[in-house]
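Each residue of the sequence shown is one higher than the one before, starting from 331 at the first, in the working numbering. Single-structure report; data block below.
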Amino acid sequence: MRKEGGNIFLPEGILLGLLIPVGVYLRGEGVLPILLVFIILFLCLRQFIHLRIRQAFVNLSLTLGGILYISFLFSYIISLRDISSLGARLVVTIFFATWMGDAGAYLIGEKWGKHKLFPRVSPHKSWEGFIGALLVSCVAMFMARMWLFFPLVHTLILGVLIGVMGQMGDFFESMLKREVGIKDFGKILPGHGGVLDRFDSLLFTVPLFYYYVRFLI
């Protein structure tokens with residue numbers, strides 16, 4: 331990002347990012363608006379105190395965007411856990427269905443992928459892999475009925491939505507990596523890159539799953 335002219339407030343971003351999951355854990359999701367207002371005002375004040383006029387909007391946007399993309403979206407795992415007595419099962423289910431969809435996209439795409447989906451963003455992703463993600467996510471959700479007992483129609487809809495949103499999360503991260511010219515966001519997980527590379531799909535599927543289960547089931 332610095333190469334592109336932006337400067338992320340890294341220490342502040344990490345500390346402020348931690349406030350969101352901690353706040354949700356201690357006080358519930360109702361605290362989110364307060365935390366977001368505090369974070370925005372703090373970052374604006376930080377920029378003003380240092381009198382850095384150049385790229386001020388870019389710096390604030392990059393830092394706030396990182397907090398929202400990672401901490402805010404990940405905080406829905408905590409909200410999902412607290413949604414009902416089935417919270418732990420719900421968390422296991424979304425991890426299971428999302429990662430199964432990712433595996434389906436990879437395996438089917440590797441073996442039968444011939445038609446590129448978004449080659450400018452991710453040249454290795456194919457329509458065949460995308461369809462594979464949908465099918466495997468649906469299978470995973472049907473398997474999850476053994477411990478969740480969701481109605482059949484909701485199981486099918488969630489399987490499709492998880493398959494689609496999981497791939498969209500993967501594409502979005504690929505777009506970010508292509509923008510800054512890197513292959514992975516880290517090397518902590520051999521063969522998978524960084525932690526964010528392994529959890530990118532969940533950033534999109536967990537909030538969707540949470541709201542669907544809370545308001546439609």
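Ideal Cβ positions, reconstructed from N, Cα and C, are used throughout, including at glycine.
| query | result |
| --- | --- |
| Using the C-alpha atoms, what's the distance from residue 547 back to residue 479? | 11 Å |
| I need the straight-line Cα distance from residue 378 to residue 353, nearest angstrom please. | 26 Å |
| Is the Cβ-Cβ distance between residue 396 and residue 462 less than 7 Å? | no |
| For a test of the three-state rule: what should DSSP assign to residue 542, helix, strand or coil? | helix |
| Go ahead and label residue 415 buried or exposed: buried means 16 or more other beta carbons lie within 10 angstroms of its beta carbon, across all protein chains shown. | exposed |
| Nearest to residue 433 by alpha carbon, out of 340, 375, 475 and 531? | 531 |
| Please return the same chain residues whose Cβ sits closer than 7 Å to the Cβ of residue 487, not counting the five positions on each side in sequence. | none |
| Measure the beta-carbon distance from residue 466 to residue 431 and round it to whole angstroms, keeping in mind my assumption that it falls under 8 Å. | 5 Å |
| Does DSSP classify residue 507 as helix, strand or coil? | helix |
| Considering only the alpha carbon of each residue, which of 497, 409 and 492 lies closest to residue 355? | 409 |
| Would you kindly work out how many angstroms separate the C-alpha atoms of residue 451 and residue 504, rounded to a whole number? | 6 Å |
| What span of residues does the alpha helix (DSSP H) with residue 411 cover, start to end? | 403-411 |
| When the distance is taken between beta carbons, is residue 424 closer than 7 Å to residue 494? | no |
| Beta-carbon within less than 8 Å of residue 386's beta-carbon, same chain only, minus the 5 sequence neighbours each way: which residues are those? | 377 |
| Would DSSP call residue 455 helix, strand or coil? | coil |
| Would you tell me roughly how many angstroms separate the C-alpha atoms of residue 442 and residue 404, rounded to the nearest one? | 33 Å |
| Which residue wins for smallest C-alpha separation from residue 472, given the options 426, 459, 456 and 449? | 426 |
| When we look at the beta-carbon of residue 369 and count the other beta-carbons within 10 Å, is it buried (16 or more) or exposed? | buried |
| Which word fits residue 543, buried or exposed, when buried means at least 16 other C-beta atoms lie within 10 angstroms of its C-beta? | buried |
| Determine the closest residue to residue 468 out of 457, 456 and 482, with distance taken between C-alpha atoms. | 482 |
| Alpha helix (DSSP H) containing residue 377: first to last residue? | 362-379 |
| Provide the residue span of the alpha helix (DSSP H) that contains residue 436, from first to last. | 417-442 |
| Counting C-beta neighbours from all protein chains within 10 Å, is the total for residue 507 16 or more, i.e. buried, or is it exposed? | buried |
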